[in-house]
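In what follows, a structure is listed as structure tokens, so that the remarks can point back to it.
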Amino acid sequence: MNKSDSILEDIHKIREELYEDTKKMDAKDEAIFYNKEAEKLLKNWGIELRKAEYLLETVR
0 MNKSDSILED
10 IHKIREELYE
20 DTKKMDAKDE
30 AIFYNKEAEK
40 LLKNWGIELR
50 KAEYLLETVR
């Protein structure tokens with residue numbers, strides 16, 4: 000398994016775990032929530048995040 004497969008597997012696992020927390024949120028709040036989670040993951044994976052607004056821009 001390569002690094003990108005591992006990252007995708009982590010994302011799918013986390014999305015399942017977070018589904019209960021986010022299913023009651025509107026799209027904007029959900030994007031903010033996932034943006035914060037993405038920042039944490041990227042730091043854990045050793046990837047520097049310059050701007051964390053990309054998820055919010057995608058939703059808008």
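With numbering that gives the first Met the number 0, the residue at position 1 of the sequence shown is 0, and numbering never jumps. Every residue gets a Cβ at the ideal spot worked out from N, C-alpha and C, and that includes glycine. These numbers were taken from a predicted model, which means no experiment stands behind them.
- A Cβ-Cβ distance of about 15 Å is found for the pair L7 and E36, leaving them out of contact under the 8 Å criterion.
- The C-alpha of N34 is placed about 16 Å away from the C-alpha of E15.
- Going by DSSP, N1 is part of no alpha helix (DSSP H) at all; its letter is neither H nor E.
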